[in-house]
Amino acid sequence: MNGPRRLLPWSGATGRYALLAALLALLGIGLAVTLLAVSGWLITAAGLVGLGVLAMIDIFAPGAVIRGSAVGRTVARYGERLAGHDAMLRQLASLRLDAFQRLMRWPVRRLDGIVSGDLLTRLTRDIDALELLLPRWWLPNIAAIGGSLLAAAAVVLLAPALWFAPLGLLLSALALLAALRRISAPAGRRLVEDNAVLRSELTTWLDGLGELISLDRAAERSERLVARARRLVDAQRHQRRVEALGQAGIAALGYLAFWLVLIGGLRLAVEGALAGPVAVALALVMLGLVEAWQATPAGWVLRANCAQAADRIEALGETANPGEFDGLAATTASGGSAMARGAALALDRVRFGWGPASGDVLRGVDLALAPGERVLIEGVSGGGKTTLGRIAAGELVPERGRVRFNGEDLFGEVEAERYRRVGRLEQSPRLFRDTLEANLRIGDPEASRARLDAVLAAVDLASWCDGLSHGMATWLGERGVGLSGGQARRLTLARLLLTRSPVLVLDEPLAGLDGPTAKRVMAGIEPWIVGRTLLVLSHDRFGPGSIDRRLRLVDGRLETT
Amino acid sequence: MATATTEPAPGAWLAGRAPGWLRPALVGLATIESLLVVGQAGLIAWLCHRALVAEVPIGLAAPAALLGVLLLRATVLGVRGWIAADASARIRVELRQAVLAALRGAGPVDAPPTGRVLAAFDEQIEKLDPYYARFLPQQFAAAILPPVLLVAVFAVDWIAGLFLLFSAPLIPVFMVLIGWGAEARARQQVDALGRLGGWFLDRLRGAATLRRFAAESATSAAVAQRTEELRRASMNVLKLAFLSSAVLEFFASVAIAAVAIYVGMGLLGFLTFGPAGELTLAGGLFVLLLAPEYFAPLRALSQGWHDRADAGAAVGELRDLLGRAKTPAPTPMDRAARPVSTAVPSPPAIAVRIRGLRFAHRGRPPLFDGQMLDVAAGERVALVGPSGAGKSTLIDLLAGFLHPEAGRIELDGESTEGWSDAERAARIAWLGQRPTLFAGSLYDNIALGWREADRDAVEAIAELAGVMTFARRLPEGLDAPVGENGHRLSGGQMQRVALARALLRPRPLILLDEPTAHLDPQGEADVLSSLERLLAARPATVLAASHRPGMLRHVDRVVRIDGDRWTEESVA
């Protein structure tokens, strides 16, 4: 359960700001309590002087302390919030990088599943929860515990007989908080699981809304969703109730400690064992602590959820070593500034299946592409063309057989090197929320502006780009310009063409394009693919222009057509 | 400005969602709390007076009473949190219900994208929890406690009361000067943080693509850089935003200090004006104890501003979503009030008559304007035309997913306007481009089509629709699990299941919206032969939007739809 501590960085500037925030939190509670206590002391002492019980007192020193702590408390609180937020935002950056790099080390087959699933939503929420740990858990606890220790020191120093009240408060409050965390943890776990199911059921409901309405089942199905949402909300309500009980409990403990010091102190004062003003001041110290403790229960409920969040992030696997990915881009960029020359690619008796239940998708595929050759593979959708393309592109390891690149085993190379040799156009285009230019530069970070313009023209998007209000700097995706499926596909094609991979695997490159556009794209990309080896996968009898050979994937084997 | 007059402010909208008992309960609890605070201060001051001034033992009754008051305060705190949690839970469930009802009303065509619905249904509604569970109770406490305590202070010493009275209104003044401008900017910062979160999520989704292009280190650097940029920008804004709560803290501290010094000087006899000369130790302590309590609710409220800002941002999105239902989904009441004929009408096929049809998609020029069409009972009509020219829109209008602006759609002479889902479902079968399989068995998925169907009927329709041809090969047959975590079916197989489901109950009008658009030739052939078998067994009127030649072989008539030009074509 030490996950959060391992994940949250405390070194460097983050640690300095966190430490500063913690010190200011302590200072803040110290000054708040001082303000109250010295004020109480002053009033009591003044009252007793007025009655002649005490001799004249110096009013200027306490007055200065009161004014100083009034101003100091404000400054400390302000500084604490600033420093705390600074440290929190630094931690957020670090948590995100950490999670991203963990995912980057996943095997490709594991990555396949996450795009549609809710793992990523959960991951980002986990990060958000962990990020709050500093302001909601660390700082309130440091203030409450530190303040209690200071109070205990004051009580032990001035009224040793009352030592049990501040120490008892500290210990019983910590025990109560630990119990809160234990009670709320199971609900937290259920929350995450139920939420995932609810999201996926809602997605299915929305996808099938037309059918459900036409069958008059939409209302009934939405009732089921509501029932699940209600269970989810019940788990949250449980946590909130625990939090409310915790607040009541911690306030009761704080008030009890205050009461003990007040009554005990006044008894001592009546017996003459303690000065009256000091008794009042100590009681007010304890009263000031109640507010500090009241901020803690919410943090401990959060802490319970954070422990699970950290476990989930750690379950993503190892994080990357510093600099681990630095070499990759370098090799890609240095892959030759000259236009890529074609290379030979061969698949020897390749077999592959997605699992024991579904049987083999590929049952001994033999295919040899000469350098610069263009081969089109047809076949029904779901027949294994995409799988074949992913194996040829070095993404999926075949169960049997080999993939050879210029005669050498492709899978003998590291992943990045395999991808550099064989580029692949994915079936469903994946663009990023960023500018048009940034999306293209993923293919070639060093591309000149002219080269980017040229590749856009090649895929028949030049005039579309000219029509955009910000041209290449236009933001794509959410809050940006929307793309049709065909435009997105052509952009991903352009991105791929910018790489210098000698072999390209194009999965349905022209799907979703109307006839005239497809013709223009085929003609436009010709200069970009000339000399490269091309493997085109398509379920239409329709592919880029000059194809050298056509093959058909039938029942997991290739046939000539 | 026009919207401001018609739509209540987010705060009013949020308050309107709360259950009726919440407001009186919170008012009651805040009132009790304020009385307890006064009682607590009074008892403490009295005890100090007895022990220190009168110098008599403090006895048992007063300490016991004080302990009781203190524990009651703690209890009030707990009860407040408890009922606020209940209210928040109830509101969020009701809102989710309302969102689903609105989506049903909007129909599959006008429903927003899945991502937005998920965000609203899940994240946005969750953002209301801190508002109802924390902010709202604090708001009531801040409205009730300070005035009550002020009255108590005035009763003892009006000069001390003036200190508190004048420092409190200064707070809003300064918060206006510093705070609210900063709050708007801080809210933008929260937005920016959210946008960056979306940006990051997008990078995670594209992890495989980034790997293919060796963009790991560049993306890592971008993640670090963007978060760092946001941190710098945030800190600049927060420096100002936090000033507003700092002002509050400052006034609270200074007021306490001023009260303490004033009371001290008064007790020492340095001040002779007004009530200062008559101050007693008990009165002074009483005033001092109430001063921090006077500011505490205001301070709590100022710390919770982001709860309100988050909820306010969510309101806009939710209101938009809830406003989407053009025709509110009929409530069970409506249904009971109407004579519903959901029995399958005879004859088995139905005539369709369209007159003066007018329709425009939101914010676009009219697509149809006064069109007419007659389809005889039992006729099979293909709707062809370029994409975007209105084939699917006409099908959606007939299916009731969209509503015409003007004109009539009649089935066997009866206008379909105002029909409930149940009434439509009894007459119209609809099949879209991509069928959805729900988690469950093949059998469950087919039986979804008609509640009253028995096993024999389901098996019969599965046979006719060609589901059995592949179901037999599955170990569990029709009971094989499909959908998420179930067997993976091909597009053609899924479409046959959907066909069986749509026609399990005989329906006189069948609407097909490019049902083979996403299928390969084999899948298309399978679906079309299933359809042919089904229509032979259950004659019906068919309207099919399609441009596939396979489909056109099976129809009697072809109507070309190109916006507001509808023309008959010869059957190819």
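So the protein lines, in turn, are chains A and B. Note that this note's numbering has the first sequence beginning at 1, numbered continuously upward. Note that this note's numbering has the second sequence beginning at 1001, numbered continuously upward. Heads up, the beta-carbon is just placed ideally off N, CA and C, and yes, glycines get one too. Just so we're clear, the structure is a prediction, and the values are computed from it rather than from any experiment.
Measuring alpha carbon to alpha carbon, tell me which of B:Leu1029, B:Val1099, B:Leu1437 ends up nearest Leu1318 (chain B). Between Leu1318 (chain B) and the set B:Leu1029, B:Val1099, B:Leu1437, the nearest pair of CA atoms involves B:Val1099.
Leu7 (chain A) - DSSP class collapsed to helix/strand/coil: Of the three classes helix, strand and coil, the one that applies to Leu7 (chain A) here is helix, per DSSP.
Tell me the DSSP bridge mates of Glu559 (chain A)? Beta bridge pairing from DSSP links Glu559 (chain A) with A:Arg552.
Do we get a CB-CB distance below 9 Å when we pair Ile29 (chain A) with the residues of chain B? Cβ-Cβ to chain B under 9 Å: no for Ile29 (chain A).
Leaving out five residues on either side along the sequence, give the residues of the same chain with a beta carbon under 8 Å from the beta carbon of Ser334 (chain A). Only weak support is given to the placement of Ser334 (chain A): the predicted model assigns it a pLDDT of 45, under 50, and the value that follows is read from those uncertain coordinates. Excluding sequence neighbours, Ser334 (chain A) sits near nothing in its chain.
In the structure shown, what three-state DSSP assignment does Thr1005 (chain B) receive? In this prediction, Thr1005 (chain B) has a pLDDT of 43, which is less than 50 and means its spatial position is unreliable; what the coordinates show is noted afterwards. Three-state DSSP puts Thr1005 (chain B) in a helix.
Give me whichever residues DSSP pairs with Ser1415 (chain B) in a beta bridge. According to DSSP, Ser1415 (chain B) shares a beta bridge with B:Glu1410.
Does chain A have any CB closer than 9 Å to the CB of Val1153 (chain B)? False, the Cβ-Cβ gap to chain A never drops below 9 Å.
According to DSSP, is Gly1020 (chain B) part of a helix, a strand, or is it coil? In the three-state reduction of the DSSP assignment, Gly1020 (chain B) falls in the coil class, being assigned neither a helical nor a strand state.
If you measure between the beta carbons of Leu567 (chain A) and Ile313 (chain A), is that distance less than 9 Å? Beyond the ends of chain A as shown, which are 1 and 561, falls residue 567 (chain A); an answer cannot be given.
Any residues in the segment 1409 to 1439 of chain B with a beta carbon nearer than 9 Å to a beta carbon of chain A? Which ones, in chain order? So the close ones are Ser1420, Asp1421, Ala1422, Glu1423, Arg1424, Ala1425, Ala1426, Ile1428, Ala1429, Trp1430, Leu1431, Gly1432, Arg1434, Pro1435, Thr1436, Leu1437, Phe1438, Ala1439.
Any heavy atom of the ligand ZN within a distance shorter than 8 Å of the CB on Ile1032 (chain B)? No copy of the ligand ZN occurs in the structure displayed, which carries no ligand at all.
Specify the secondary structure class of Val1589 (chain B) as computed by DSSP and reduced to three states. The structure shown does not extend to residue 1589 (chain B), since chain B spans only 1001 to 1572, so no value can be given for it.
What are the residues that DSSP puts in a beta bridge with Ala1429 (chain B)? Beta-bridge pairing links Ala1429 (chain B) to B:Ile1510.
Residues from the segment 107 to 140 of chain A in contact with chain B, defined by Cβ distance under 8 Å: Listed by position along the chain: Val108, Leu111, Asp112, Ile114, Val115, Leu120, Thr121, Leu123, Thr124, Asp128.
Answer with yes or no whether the minimum CB distance from Gln1522 (chain B) to chain A is below 9 Å. Yes, its Cβ sits closer than 9 Å to a Cβ of chain A.
I'd like to know whether the C-beta atoms of Trp475 (chain A) and Asp434 (chain A) end up nearer to each other than 9 Å. Less than 9 Å separates the beta-carbon of Trp475 (chain A) from that of Asp434 (chain A).
Going straight from the alpha carbon of His1049 (chain B) to that of Ser1167 (chain B), what length do you get? When rounded, the distance between both Cα atoms is 29 Å.
At 7 Å on the CB atoms, spell out the chain A contacts of Gln970 (chain B), in chain order. With chain B running from 1001 to 1572 in the structure shown, residue 970 (chain B) is simply not present.
Out of A:Ile377, A:Arg341, A:Pro429, which one is the CA nearest neighbour of Phe405 (chain A)? Of A:Ile377, A:Arg341, A:Pro429, the residue nearest in Cα terms is A:Arg341.
Within 10 angstroms of the Cβ of Asn1236 (chain B), are there 16 or more other Cβ atoms? Answer buried if so, exposed if not. Result: exposed.
State buried or exposed for Ala153 (chain A), treating a residue as buried only when at least 16 other CB atoms are found within 10 Å of its CB. Burial call: exposed.
Can you tell me where the alpha helix (DSSP H) with Gln247 (chain A) in it begins and where it stops? First-last of the alpha helix (DSSP H) with Gln247 (chain A): 218 to 271.
Compute the Euclidean distance between the alpha carbons of Ser1234 (chain B) and Asn439 (chain A), then round it to the nearest angstrom. Pairing Ser1234 (chain B) with Asn439 (chain A), the inter-Cα distance amounts to about 27 Å.
Go ahead and pull the three-state DSSP assignment for Arg418 (chain A). Of the three classes helix, strand and coil, the one that applies to Arg418 (chain A) here is helix, per DSSP.
Bounding residues of the alpha helix (DSSP H) (the contiguous stretch that carries Trp354 (chain A)): Counting along the chain, Trp354 (chain A) sits inside no alpha helix (DSSP H), nor does DSSP assign it H or E at all.
Among A:Pro398, A:Gly353, A:Asp86, A:Pro502, the one whose alpha carbon lies nearest that of Arg1231 (chain B): A check of alpha carbon separations from Arg1231 (chain B) across A:Pro398, A:Gly353, A:Asp86, A:Pro502 identifies A:Asp86 as the nearest.
Would you call Gln101 (chain A) buried or exposed, if buried means 16 or more other Cβ atoms sit within 10 Å of its Cβ? With at least 16 other beta carbons inside 10 angstroms of its own, Gln101 (chain A) counts as buried.
If you draw a straight line from the alpha carbon of Gly471 (chain A) to that of Ala494 (chain A), how long is it in whole angstroms? Gly471 (chain A) and Ala494 (chain A) have their C-alpha atoms roughly 16 Å apart.
Does the segment 509 to 528 of chain A touch the segment 373 to 389 of chain A, meaning 3 or more C-beta pairs lie closer than 8 Å? Contact between the segment 373 to 389 of chain A and the segment 509 to 528 of chain A is absent: fewer than three C-beta pairs spanning the two stretches fall below 8 Å.
For a quick check, are the C-beta atoms of Ala1133 (chain B) and Ala1074 (chain B) less than 9 Å apart? In this structure, Ala1074 (chain B) does not lie closer than 9 Å to Ala1133 (chain B) by Cβ.
In terms of residue numbering, what span does the beta strand (DSSP E) encompassing Asp1369 (chain B) cover? Start and end: 1368 to 1375.
Given that a residue counts as buried once 16 or more other Cβ atoms are within 10 Å of its Cβ, and exposed if not, what is Thr560 (chain A)? Note on Thr560 (chain A): under 16 other CB atoms within 10 angstroms of its CB, so exposed under the neighbour-count rule.
So which residues of chain A does Val1223 (chain B) contact, with C-beta pairs closer than 8 Å? Within chain A, Ala93, Arg96, Leu97, Phe100 have C-beta atoms less than 8 Å from the C-beta of Val1223 (chain B), given in sequence order.
Quick check on Trp1566 (chain B): does DSSP put it in helix, strand or coil? Strand, per DSSP.
On the three-state DSSP scale, how would you describe His998 (chain B)? Residue 998 (chain B) is absent from the structure shown; chain B starts at 1001 and stops at 1572.
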